[in-house]
Amino acid sequence: MDDILIDAYVHQHQQGFRVNGTFTVTALENIAKEVKQKFPDQPIDKEKVKNRMKHIKRCWFPAYDIFKNGMSGFAWDPISEMFIAEPEVWEQLIKVKPEVAAWMNKPIRNYEKLCLLYGNDRATGKHAETAEMRQRRAREGETNASHVNNIDDVDFLVSENEVTLENFNGPFEEAQNIASEEPIGMERSQSHSQSENSLRNKTAKRSKVDEKLLY
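Read left to right, the sequence shown gives residues 3 to 217 (my numbering).
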């Protein structure tokens, strides 16, 4: 299904249904229709294709970040969809970047198509923040309701179990909490005023009694 999905994205990209690197709602609806035609029994809509592409990109970004500028001694084989190099070249790279070992014998599916779709965005930094960087921000306490700036951040954090929708409190929820606290403060103020008035009344009555006793 991923192959069909990526082809549908490429088709919409070529049709121009993209603004500032972001696919339009029309594009996502068209992509969902294209995939649905191939898999009519699957519950596919624009949100599902969007979320699936996010997952595909997260898997593709690490490989692209390593090989995007061309690695000395490596060549891309479009047939096998693998980077080819002599064993000693791989060994040298793996010593520096152990995670690269995963692609020594494993194809990177649709690598060139994903480069077409997202290579420019990645190069300009639009999607330069990796999953590891986002998780580090979360661990350091920087990723909270006031730092989550868009729906993609929310989707990512939910998918990584960093937050849940139930405990995600944004500015609206904070405003509600403040509003709910105001009546309590008012009640306390009113109660305090009533106590002062009662005390003054009792003092006045006691003074009158004292005056009667004196005369």
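We treat Cβ as the ideally placed atom computed from N, Cα and C, and that holds for glycine.
Whole-number beta carbon distance between residue j and residue i, since they are thought to touch under 8 Å
i: Trp105; j: Phe85; result: 6 Å
i: Arg111; j: Tyr66; result: Actually they do not touch by this definition, with Cβ atoms about 13 Å apart.
i: Glu101; j: Pro64; result: 7 Å
Residue(s) in a DSSP beta bridge with residue i
i: Ile58; result: Partner(s): none; Ile58 has no beta bridge.
i: Ala77; result: Ile86
Residue i, enclosing alpha helix (DSSP H) - first and last residue
i: Lys115; result: Tyr113 to Leu116
Sequence-distant residues of the same chain with beta carbon closer than 7 Å to residue i, five excluded per side
i: Ala29; result: Gln14, Phe19 and Arg20
i: Phe41; result: Met3
Same chain only: Cβ atoms within 6 Å of residue i, ignoring 5 sequence neighbours per side
i: Asp9; result: none
i: Thr26; result: Phe19
i: Trp62; result: Leu116
i: Asp47; result: Ala34
i: Gln44; result: none
Spatial neighbours of residue i in its chain, beta-carbon cut-off 8 Å, leaving aside the 5 residues before and after
i: Pro109; result: Ser82, Glu83 and Met84
i: Ile6; result: Glu36, Val37, Lys40 and Phe41
i: His99; result: For clarity, residue 99 is Lys in the given sequence; the question names His instead. Ile68.
Residue i Cβ short of 7 Å to the ligand FAD heavy atom set
i: Thr24; result: The ligand FAD is absent from the structure shown, which contains no ligand whatsoever.
Item to check | Runs of alpha helix (DSSP H) wholly within the segment 11-51 (minimum 4 residues, chain order) | outcome: DSSP runs (the alpha helix (DSSP H)) wholly in the segment 11-51: 27-40.
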